[in-house]
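Residue numbers (my numbering): 35 to 320. Glycine included, each C-beta is placed from N, C-alpha and C at the ideal position. Quick notes on the structure that follows.
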Ligand SMILES: [Zn+2]
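Structure below.
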């Protein structure tokens, strides 16, 4: 998971939920519906402010699902997103694009692997329609992560997936993997947060991995990486034995960790250098 700053407009000002709502609603052609939507603008603003407070306190699980907002149905609220923010010609689309393009290299903040190609609602819009276009509920995501998460929302404290705008677990190692001795060798991923973390955060990083099925994705990437570097490792092993392999892996690890210490690759290399079996030829194919 990679932390993101709160989404901002072209002037670097943080998007206000009611402004974004008004931008989208201003496109509604039917005067009656437009008036109904504008009548709940204050509710959108108030709920967005409460969302921020709860997210900062790891309490979004307390938000209750609902199927209408004032006099507006949930379906109609969802359309504010699907018809007035997503279509390329809609007035909300520049906001959509701005939020989606925020991650560096458009790398998915939820997995750190995929390319962002959508916005995911942290609290899904079908269950929490009031947050359909609330910017802090819109997370840039890749196809894998959105496909795994679908309509998931937390109902317990520990079930709250990491929220890129409100949680920052980038600065301490919490993602681990271990070498699975086999032919070929594999890597198994799991959460191993620092002891001093509060129990709730420890539970949440594990829930994040599990709900998004990330160990499968990470293991797949690690397997491919091993295939790519196998010839180099064999060459090093032949010339300098286990020690030469380990030195090379350490150098690679330092560079990868300088980028992101909780990437799948960082965890893979940490596991590889820690494994005598791996460094002494376990990486070979036969
Ligand atoms: Zn992803």
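- Shown here, residue 85 sits in a helix according to DSSP, grouped into three states.
- About 18 Å separates the beta carbons of residue 96 and residue 199, which is beyond the 8 Å limit, so they are not a contact pair.
- For the options 145, 154, 320, 263, the alpha carbon positioned closest to that of residue 294 is the one of 145.
- Relative to the non-hydrogen atoms of ligand 1, the Cβ of residue 299 never comes closer than 8 Å to any of them.
- Secondary structure at residue 42: strand, using DSSP grouped into helix, strand and coil.
- Burial check for residue 299: the Cβ neighbour count within 10 Å reaches 16 or more, so the residue is buried.
- Taking residue 201 as reference, the option from 87, 139, 318, 56 with the minimal CA-CA separation is 87.
- Within the region 139-194, the complete beta strand (DSSP E) segments at least 3 residues long are 152-155, 172-175, listed from N- to C-terminus.
- Residue 192 holds the alpha-carbon nearest to the alpha-carbon of residue 235 among 274, 221, 224, 192.
- Shown here, residue 220 sits in a strand according to DSSP, grouped into three states.
- Under the three-state reduction of DSSP output, residue 102 falls in the strand class.
- Set against 8 Å, the gap from the CB of residue 175 to the closest heavy atom of ligand 1 is smaller.
- Distances from the CA of residue 55 to each of 166, 261, 43 were compared; the closest alpha carbon is that of 166.
- In the three-state reduction of the DSSP assignment, residue 290 falls in the helix class, which pools H, G and I.
- In this chain, residue 112 is not harboured by any beta strand (DSSP E); it is covered by the alpha helix (DSSP H) spanning 108-116.
- Distance from the CA of residue 156 to the CA of residue 217, rounded to the nearest whole angstrom, comes to 40 Å.
- Not one heavy atom of ligand 1 sits closer than 8 Å to the Cβ of residue 243.
- Apart from the 5 residues on each side of it in sequence, residue 104 sits with its Cβ closer than 7 Å to the Cβ of 73, 74, 77 in its chain, given in chain order.
- Secondary structure note for residue 209: its beta strand (DSSP E) is the uninterrupted segment 209-214.
- Ranked by Cα distance from residue 283, the first of 130, 312, 49, 215 is 312.
- The C-alpha of residue 51 is placed about 5 Å away from the C-alpha of residue 168.
- A distance criterion of 8 Å places the beta-carbon of residue 74 beyond contact range of ligand 1, judged by its closest non-hydrogen atom.
- Between the C-alpha atoms of residue 142 and residue 43 there is a straight-line separation of about 20 Å.
- Judged by the Cβ position, residue 148 qualifies as a neighbour of ligand 1 at the 8 Å threshold, a heavy atom of the ligand being closer than this.
- A heavy atom of ligand 1 is found nearer than 8 Å to the CB of residue 144.
- For residue 242, the enclosing alpha helix (DSSP H) has its first and last residue at 233-245.
- In the structure shown, the three-state DSSP call for residue 74 is coil.
- The region 126-133 makes no contact with the region 179-194, as fewer than three CB pairs between them are under 8 Å.
- Not a single heavy atom of ligand 1 lies less than 8 Å from the C-beta of residue 184.
- Under DSSP, residue 225 shares a beta bridge with 209.
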